[in-house]
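Novice: Just so you know, we're using this note's numbering here: the sequence shown kicks off at 51 and counts up by one. Got a structure here, written out as C-alpha cells. Questions coming.
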Amino acid sequence: MRPETAAVHVGVAKDDTFNSVITPIYPTTTFTFDSAGVTRGYDYTRSGNPTRTALEENLAGLEGGTSARCTCSGMAAITAVLFLLSAGDHVVCGHDIYGGTYRLFETVFPRYGVTFSFVDMRDPDAVRRAVRPETKMLWIETPSNPLLNVVDITAMVAIAREKGLLTVADNTFLSPYFQRPLELGVDIVVHSTTKYLNGHSDVIGGVVITGRDDLGEQIATLVNALGLGNSPFDAWLVLRGVKTLGPRMEAHQRNAFAVARLLATHPKSLRVYYPGLEDHSDHALASRQQTGFGGMVSFDLDLAALDVETFFSRLRLFSLAESLGGVESLIEQPWTMSHAGISEEVRRAAGITPGTMRLSLGIEHPDDLLEDLRTALG
Numbered sequence: 051m052r053p054e055t056a057a058v059h060v061g062v063a064k065d066d067t068f069n070s071v072i073t074p075i076y077p078t079t080t081f082t083f084d085s086a087g088v089t090r091g092y093d094y095t096r097s098g099n100p101t102r103t104a105l106e107e108n109l110a111g112l113e114g115g116t117s118a119r120c121t122c123s124g125m126a127a128i129t130a131v132l133f134l135l136s137a138g139d140h141v142v143c144g145h146d147i148y149g150g151t152y153r154l155f156e157t158v159f160p161r162y163g164v165t166f167s168f169v170d171m172r173d174p175d176a177v178r179r180a181v182r183p184e185t186k187m188l189w190i191e192t193p194s195n196p197l198l199n200v201v202d203i204t205a206m207v208a209i210a211r212e213k214g215l216l217t218v219a220d221n222t223f224l225s226p227y228f229q230r231p232l233e234l235g236v237d238i239v240v241h242s243t244t245k246y247l248n249g250h251s252d253v254i255g256g257v258v259i260t261g262r263d264d265l266g267e268q269i270a271t272l273v274n275a276l277g278l279g280n281s282p283f284d285a286w287l288v289l290r291g292v293k294t295l296g297p298r299m300e301a302h303q304r305n306a307f308a309v310a311r312l313l314a315t316h317p318k319s320l321r322v323y324y325p326g327l328e329d330h331s332d333h334a335l336a337s338r339q340q341t342g343f344g345g346m347v348s349f350d351l352d353l354a355a356l357d358v359e360t361f362f363s364r365l366r367l368f369s370l371a372e373s374l375g376g377v378e379s380l381i382e383q384p385w386t387m388s389h390a391g392i393s394e395e396v397r398r399a400a401g402i403t404p405g406t407m408r409l410s411l412g413i414e415h416p417d418d419l420l421e422d423l424r425t426a427l428g
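In C-alpha cells:
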C-alpha cells in the first residue's frame, strides 16, 4: 500500500466483536489469564496492550520495518535505543542535533560510561575520523534541528558497515511520508510521535522501529524492562492522527515553500534554512534521499534591524512555542528555548545564534501566514 493508504488501514481492524472501523482503546492495566500461564496475548499493559500494538503495526508498516515499540515520549525512544549500548561504548553523532538529544548525550549517559563525539555529519571524512575502536553507533539526525542540515544517509550506512556499527536515524522532521531511512540501510529509526505522526499537539509519545528481528527483540525487552511504553489512550490518539499524515504533510510543505521563498527575499532575513529551495547547499542530496522537504523552516533574523521581542509581539497566527508538527503554526528562538540547555560555545559552533528562528508551518492558508510574517517583519 502507498503511504496515504497504509496510514489509514494498517493496524486498525482489531474489533472482531462489533467490527468497529476505529481501533478500540483498551485502558485496562491487566488482563485475565485463561489459566495459569495461559493468556490471549496480553498480561499487563506495561508489557503490551492491544491499542499500542495496533499503532506499532501501523508505524512499522509506514517506515517499512518489521518491528516497532511505542514509548511515552520521543526522548524515551532515544533512551531505549541507547540502552543497547554498554559502559565503554562510543557514539558518533551530529554537532547540530536537537537540544534534548544533546543534553541526554552530553550530561546523562556519560555518567554510565557511554561517550559521544559531536561532529559535522555532512562531512563523511569527519565522521570516519571520529570513529574509534570502541565506537558502536552512528546517530543520524536529518534534517537536523534547527538548521535543517541534511546528512547523506547512504554514506553514513557505508561507513557503519565498514566499521561494524549500528546506524540510528531520527526521522521526526520528515516522517515516513517524506523519508524512509530503513530503505537506505539504516538499522533503527526513531520518532517523536508527538510531532507529525500525531499532528495535533495533544499527545506526547515516541517510537523505535527496525527491520532487524534481533534488534526488535532487544528493543521490546528494553522498553518493557525500563517501563517506557506508551499509554493506551496516547497510542490511540496517535493512531487517530496518523490517518491524515499524507494530506497534512502536503499542506505543511506547501506552506513551508511559501514562507521560505518570502524569507529568502526579505531584507530582514539574513539567511534561510530550507533544503527545498534550489539554491540550498543540500538541495541535491535532499532530493535524492527524500520524497519531499517537509514543513520546517529556519532563518536568521537581522537583529540590527529588528529585535526579537518586537518581532514576536507582532505575530498573530504563529504561536511562540516549542514543539512542532501540529496543524497550527509555531515559532521559536532555539537560543533561548529548545536549545538553551546547550552551551553557548557549542550552539555558535553549530551555527545557532540569537537571531536563529525556527518555524513549524501548520496547515493554515499560506496567504494568511505570509501576511502575518510580513506584518511582524515590518
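Backbone N, C-alpha and C fix where the C-beta goes; we use that ideal spot for every residue, glycine too.
In the DSSP assignment, find the unbroken alpha helix (DSSP H) run with Met51 in it and report its ends.
Specialist: Counting along the chain, Met51 falls outside any alpha helix (DSSP H), and DSSP gives it neither H nor E.
Novice: Helix, strand or coil: which one does DSSP assign to Phe166?
Specialist: DSSP, reduced to helix, strand and coil, places Phe166 within a strand of the structure shown.
Novice: How many angstroms separate the CA atom of Gly326 from the CA atom of Phe343?
Specialist: 5 Å
Novice: Spell out a yes or no on whether the segment 396 to 415 and the segment 189 to 197 are touching, meaning 3 or more CB-CB pairs, one atom from each, closer than 8 Å.
Specialist: yes
Novice: Assign Asp329 to one of three DSSP states: helix, strand, or coil.
Specialist: coil
Novice: Quick check on this structure: which residue in Asp264, Leu234, Val258 and Arg211 has the alpha carbon closest to the alpha carbon of Thr222?
Specialist: Val258
Novice: Shortest alpha-carbon distance to His59 belongs to which of His241, Gly91 and Glu107?
Specialist: The residue with the shortest Cα to Cα distance from His59 is Glu107.
Novice: With DSSP as the reference, please indicate the residues paired to Thr121 in a beta bridge.
Specialist: Per DSSP, Gly256 and Gly279.
Novice: Give me the Cα-Cα distance between Pro432 and Phe159, rounded to the nearest whole angstrom.
Specialist: The requested residue 432 does not occur in the structure, where the chain is confined to residues 51 to 428.
Novice: Grab me the residues of Pro231's own chain with a C-beta within less than 7 Å of its C-beta, minus the 5 sequence neighbours each way, in chain order.
Specialist: Ile203, Ala219, Asn221 and Val239
Novice: From the DSSP secondary-structure annotation, give me the bridge partner or partners of Ile381.
Specialist: Ile381 pairs with Leu370 and Leu409.
Novice: Could you check whether Val273 and Gly279 sit closer than 8 Å to each other, using their CB atoms as the reference points?
Specialist: yes
Novice: Go to His302, then tell me how far its alpha helix (DSSP H) extends in each direction, as first and last residue.
Specialist: Leu295 to Thr315
Novice: Based on DSSP bridge pairs, tell me the residues matched to Glu191.
Specialist: Asp220
Novice: Starting from Ser348, follow the beta strand (DSSP E) in both directions and report where the run begins and ends.
Specialist: Met346 to Leu351
Novice: Grouping DSSP H, G and I as helix and E and B as strand, with all else coil, what is Ile147?
Specialist: coil
Novice: Which whole-angstrom value describes the C-beta separation of Thr79 and Thr95, a residue pair presumed to lie in contact below a C-beta threshold of 8 Å?
Specialist: 6 Å
Novice: Between Pro226 and the rest of its own chain, which residues show a CB-CB distance below 6 Å, the 5 nearest in sequence each way excluded?
Specialist: Leu112 and Glu113
Novice: Determine the direct distance from the alpha carbon of Phe68 to that of Ser337, and round the result to whole angstroms.
Specialist: Answer to the nearest angstrom: the Cα atoms are 45 Å apart.
Novice: Report yes or no: do three or more beta-carbon pairs, one from the segment 287 to 306 and one from the segment 134 to 151, lie closer than 8 Å?
Specialist: no
Novice: Determine the closest residue to His415 out of Arg304, Glu328 and Val358, with distance taken between C-alpha atoms.
Specialist: Arg304
Novice: According to the Cβ coordinates, are Phe81 and Tyr92 closer than 8 Å?
Specialist: yes
Novice: Give me, in chain order, the residues of the same chain whose beta-carbon lies closer than 8 Å to that of Arg299; leave out the 5 immediate sequence neighbours on both sides.
Specialist: At residue 299 the sequence reads Met, which differs from the Arg that was named. Here the set comprises Ser225, Tyr227, Phe228, Tyr246, Gly342, Gly344 and Gly345.
Novice: Assign Ile402 to one of three DSSP states: helix, strand, or coil.
Specialist: coil
Novice: Could you check which residue in Ala130, Ala104 and Ala426 has the C-alpha nearest to that of Ser319?
Specialist: Ala426
Novice: Would you call the CB atoms of His140 and Lys186 closer than 8 Å?
Specialist: yes
Novice: Tell me which residue opens and which closes the beta strand (DSSP E) that Leu320 is part of.
Specialist: Following the DSSP letters along the chain, one finds Leu320 inside the beta strand (DSSP E) bounded by residues Ser319 to Tyr323.
Novice: Let me check one thing: in DSSP terms, what residues is Ser85 bridge-paired to?
Specialist: Ser85 is bridged to Val88.
Novice: Indicate the three-state DSSP secondary structure (helix, strand or coil) for Thr455 in the structure shown.
Specialist: Nothing about residue 455 can be reported from this structure: the residues present for the chain run from 51 to 428 only.
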